[in-house]
Amino acid sequence: MNLACRRFHQTQLCQSSLCLSWADSISDPVIIMHSPVGCGGMNMFKREYFFDGPDKLRYVRTINTNLSETDVISGGEDKLREAILYAEEKFHPENIFVMMTCVPTLTGDDADAVIDSAKNEVKANIMPVYCAGFKSKIPASAYDALYHGIIKTYFKEKEPKNKLTKKNKRVNLFSPSSASEADKNELRRLLEMLGLKVKILPYYTRAEELQEMTNAVLNVSICATHDEYLFSYLKEIYGIPYIIKNVPVGIKNTSSWLMEVAKYFHKEEEARKIIEEETDKLKRALAPYQKILSGKTAFIHGGEPRSLATADTLEMLGVEVLGIEARHHDRFSNELLEKRKNNEKMTYSVAIGQPFEKANLLERMKPDIYIGHNGQCVQPAKQGIPVQPLFYSPNNYMGFTGVFERARGLARMTRNTQFYKNLRENLRLPYQESWYKKEPFSYIKSGETI
Ligand code: SF4
Numbered sequence: 000m001n002l003a004c005r006r007f008h009q010t011q012l013c014q015s016s017l018c019l020s021w022a023d024s025i026s027d028p029v030i031i032m033h034s035p036v037g038c039g040g041m042n043m044f045k046r047e048y049f050f051d052g053p054d055k056l057r058y059v060r061t062i063n064t065n066l067s068e069t070d071v072i073s074g075g076e077d078k079l080r081e082a083i084l085y086a087e088e089k090f091h092p093e094n095i096f097v098m099m100t101c102v103p104t105l106t107g108d109d110a111d112a113v114i115d116s117a118k119n120e121v122k123a124n125i126m127p128v129y130c131a132g133f134k135s136k137i138p139a140s141a142y143d144a145l146y147h148g149i150i151k152t153y154f155k156e157k158e159p160k161n162k163l164t165k166k167n168k169r170v171n172l173f174s175p176s177s178a179s180e181a182d183k184n185e186l187r188r189l190l191e192m193l194g195l196k197v198k199i200l201p202y203y204t205r206a207e208e209l210q211e212m213t214n215a216v217l218n219v220s221i222c223a224t225h226d227e228y229l230f231s232y233l234k235e236i237y238g239i240p241y242i243i244k245n246v247p248v249g250i251k252n253t254s255s256w257l258m259e260v261a262k263y264f265h266k267e268e269e270a271r272k273i274i275e276e277e278t279d280k281l282k283r284a285l286a287p288y289q290k291i292l293s294g295k296t297a298f299i300h301g302g303e304p305r306s307l308a309t310a311d312t313l314e315m316l317g318v319e320v321l322g323i324e325a326r327h328h329d330r331f332s333n334e335l336l337e338k339r340k341n342n343e344k345m346t347y348s349v350a351i352g353q354p355f356e357k358a359n360l361l362e363r364m365k366p367d368i369y370i371g372h373n374g375q376c377v378q379p380a381k382q383g384i385p386v387q388p389l390f391y392s393p394n395n396y397m398g399f400t401g402v403f404e405r406a407r408g409l410a411r412m413t414r415n416t417q418f419y420k421n422l423r424e425n426l427r428l429p430y431q432e433s434w435y436k437k438e439p440f441s442y443i444k445s446g447e448t449i
């Protein structure tokens, strides 16, 4: 049974957008969208920070091969080759990323062959990214596509340069683009308290740092959705063990994440002490916010591990979670889901996009708080529900300090909700009243696959 299949669909995220968020962040890139002119349109006006370089804020250079109907018949390989050579001649970049979108994937353009033939004329690293949006209903598979490209393009050595021993203590911390600088600093702080050397990857890095990925003693994930493909490769080929445990969001999950890393280095005692001290301080700081939030209700939307971990945090603050909408489901969340499986008061759904379902659910539940991906907070706000982004670049929501920020932000938001009431009174969503009377999941094709 595939419960992701619906008789009616609204839009969903394309893999290419997730791949672009990584490619845009790497040092000195040119992005080639091998596609008709629409794909990657968002990159045209994007400016990106590259944090440790002299060019702090820059425009992202994007070239589109502008595939036409004729190219669908006769192939777009010549245009791709031309775009690669143009990128080299015009910008002399360090990295060229070729985004293989739906059209050239369907027509069978051979990007690998084009890249091979252009290599002798181009100094830049050229990395293909196979990110055709039609291939998956799970946009998170973009991370596999991305890591496949990184492995093929940047991993030159077939074994680590330094002999890997636990004394080396370098750990790679893989942070998704949705982790803010404050989140990374918090997680680095915790790992450094264990005496570890931390290298944060794979966003905002230089090409040579991508190559250095193979020289760590341990790979640590903070979001299972991202890293399994790459970690399995690094283990199989370079013998580097890894930890994919959960998301360090909330006291319980941050503690178990830290303990898991500590176990590898036999530092459980140190970790226990850190956790105890951090939890103690935090609980005292949270007390005033718990009073404000206790008895409120919430709905959460986002990546599955993060949403579930955020639900744990809210419950610890005294908030009842009425519903969670996860972007996809996989086995890494089974442990976090386990304790909720008999909770009949809570609705758990899996939907990437499909705001019509969420509108229906929220109209029934009327939660006091909505937490979701920032791009998807507008609709609940129009329904009169106070919203808070699940993550947002200036905010901290990971680690121990992240719990405090979440609580403080929610308490501030719920103090005065008049803005959201005004929105509800003055705006309406595009759905007819009859939709709200129907069962929210009535378009899911139960028991069928496509
Ligand atoms: S789904 Fe395909 S056509 Fe649409 S933006 Fe993504 S790659 Fe382009």
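Each step along the sequence shown adds one to the number in numbering that gives the first Met the number 0, with nothing skipped, and position 44 is 43.
Note that the Cβ used here is the ideal one computed from N, Cα and C, for glycine as well.
The model shown is predicted, which means the values in this text are computed figures rather than measured ones.
Check your understanding: Along the chain, which unbroken stretches of the beta strand (DSSP E) at least 3 residues long are found entirely within the segment 277-329?
Key -> If we require 3 residues or more, the beta strand (DSSP E) runs fully inside the segment 277-329 come out as 296-301 and 319-325.
Check your understanding: Excluding five sequence neighbours on each side, which residues of the same chain lie with their C-beta closer than 7 Å to the C-beta of residue 246?
Key -> The beta carbon of residue 246 sits closer than 7 Å to those of 221, 222, 252, 304, 305 and 308, all from its chain and outside the five residues before and after it, given in chain order.
Check your understanding: Cβ atoms of residue 345 and residue 385: under 8 Å apart, would you say?
Key -> Residue 345 sits away from residue 385, with the two beta carbons spaced by 8 Å or more.
Practice item. Mind checking who residue 96 pairs with in its DSSP beta bridge? Key: DSSP output for residue 96 lists 30 and 126 as bridge partner(s).
Review point. What alpha helix (DSSP H) runs, 4 residues minimum, are completely inside the segment 153-224?
Key: Taking only runs of at least 4 residues, the alpha helix (DSSP H) segments lying wholly in the segment 153-224 are 180-192 and 206-210.
Check your understanding: Do the segment 4-14 and the segment 76-86 touch if we need at least three Cβ pairs shorter than 8 Å?
Key -> Fewer than three Cβ pairs drawn from the segment 4-14 and the segment 76-86 lie within less than 8 Å of each other, which leaves the two stretches out of contact.
Point to revise | Buried versus exposed, by CB contacts within 10 Å (16 or more), residue 73 | key: Residue 73 should be labelled exposed.
Exercise for review: With the ligand SF4 as the reference, list in chain order each residue whose Cβ lies under 5 Å from any of its heavy atoms.
Suggested key: Selection output, chain order preserved: 13, 15, 38, 100, 101 and 132.
Practice item. List the residues that DSSP assigns as beta-bridge partners of residue 339. Key: Paired residues: none, contrary to the question.
Check your understanding: Is residue 215 closer than 8 Å to residue 128 when the C-beta atoms are compared?
Key -> Contact: no.
Practice item. Using 10 angstroms around the beta-carbon of residue 507, count the other beta-carbons present and answer buried if the total reaches 16, otherwise exposed. Key: Here the chain covers residues 0 to 449 and nothing more, so residue 507 does not appear.
Practice item. Specify the secondary structure class of residue 56 as computed by DSSP and reduced to three states. Key: Residue 56: strand per DSSP, three-state reduction.
Point to revise | Bridge partners - residue 371, DSSP secondary structure assignment | key: Residue 371 pairs with 388.
Exercise for review: Alpha carbon to alpha carbon, how far is residue 378 from residue 1? Give it in angstroms, no decimals.
Suggested key: Since pLDDT at residue 1 reaches only 45, below the 50 mark, its modelled position is unreliable, and the value read off the structure follows with that caveat. Between the C-alpha atoms of residue 1 and residue 378 there is a straight-line separation of about 27 Å.
Practice item. Locate the alpha helix (DSSP H) running through residue 73, then write down its first and last residues. Key: Unbroken alpha helix (DSSP H) run through residue 73: 68-73.
Review point. By a C-beta neighbour count over all protein chains shown, 10 Å radius and 16 as the cutoff for buried, is residue 458 buried or exposed?
Key: Because the chain spans 0 through 449 in this model, residue 458 falls outside it and cannot be assessed.
Review point. Which word fits residue 186, buried or exposed, when buried means at least 16 other C-beta atoms lie within 10 angstroms of its C-beta?
Key: Buried.
Exercise for review: Could you tell me how far apart the beta carbons of residue 371 and residue 299 are, in whole angstroms, since I believe they sit closer than 8 Å?
Suggested key: About 7 Å separates the beta carbons of residue 371 and residue 299, which is inside the 8 Å limit, making them a contact pair.
Point to revise | Test item: CB-CB of residue 410 and residue 288 under 8 Å | key: For residue 410 and residue 288, yes; Cβs fall inside 8 Å.
Check your understanding: Buried or exposed: residue 426, going by 16 or more other Cβ atoms within 10 Å of its Cβ?
Key -> So residue 426 counts as exposed.
Point to revise | Nonlocal neighbours in the same chain, by C-beta distance under 8 Å from residue 108, ignoring five residues either side | key: 33, 74, 75, 76, 79 and 99, listed in sequence order.
Practice item. Please classify residue 39: is it buried, with 16 or more other beta-carbons within 10 angstroms of its beta-carbon, or exposed? Key: The residue is buried, with at least 16 neighbouring Cβ atoms inside 10 Å.
Practice item. Pull up the distance between the alpha-carbon of residue 419 and that of residue 358, whole angstroms please. Key: Residue 419 and residue 358 have their C-alpha atoms roughly 15 Å apart.
Check your understanding: Can the beta-carbon of residue 63 be found closer than 8 Å to that of residue 97?
Key -> Pairing residue 63 with residue 97 gives a Cβ-Cβ distance that is not under 8 Å.
Review point. For the segment 130-148 against the segment 315-334, are there 3 or more C-beta pairs whose distance is under 8 Å?
Key: Short answer: they touch.
Exercise for review: Count the other C-beta atoms from every protein chain shown that fall within 10 angstroms of the C-beta of residue 449, then say buried if there are 16 or more, exposed otherwise.
Suggested key: Confidence at residue 449 is low in this model, with a pLDDT of 44, below 50, so the placement of that residue is unreliable and no value is reported for it.
Practice item. Please name the residue, chosen from 349, 274 and 383, that lies closest to residue 399 on a Cα-to-Cα basis. Key: Put simply, of 349, 274 and 383 the residue whose alpha carbon is nearest the alpha carbon of residue 399 is 274.
Review point. Which whole-angstrom value is the C-beta distance of residue 285 and residue 403, which I expect to be below 8 Å?
Key: Contact between residue 285 and residue 403 holds, since their C-beta atoms are separated by about 7 Å, short of 8 Å.
Check your understanding: Which word fits residue 126, buried or exposed, when buried means at least 16 other C-beta atoms lie within 10 angstroms of its C-beta?
Key -> When all chains shown are included, residue 126 counts as buried.
Check your understanding: With C-beta atoms as the reference, is residue 219 less than 8 Å away from residue 171?
Key -> Against a cut-off of 8 Å, the Cβ pair of residue 171 and residue 219 comes out as a contact.
Exercise for review: Report all residues from its chain with a CB closer than 6 Å to the CB of residue 296; omit the five preceding and five following residues, and keep chain order.
Suggested key: Within the same chain, residue 296 has close Cβ partners 319, 321, 366 and 367.
Practice item. Quick one: using the 10 Å Cβ neighbour count with 16 as the cut-off for buried, is residue 363 buried or exposed? Key: Residue 363 counts as exposed, since fewer than 16 other beta carbons sit within 10 angstroms of its beta carbon.
Check your understanding: Any idea what DSSP makes of residue 346, helix, strand or coil?
Key -> Strand, per DSSP.
Practice item. In angstroms with no decimal places, state the Cα-to-Cα distance between residue 19 and residue 110. Key: Looking at the two C-alpha atoms, the distance is approximately 17 Å.
Review point. Applying the criterion that 16 or more other CB atoms from any shown protein chain within 10 Å of the CB defines a buried residue, is residue 116 buried or exposed?
Key: Around the beta carbon of residue 116, a 10 Å sphere encloses fewer than 16 other beta carbons of the protein chains shown; the residue is thus reported as exposed.
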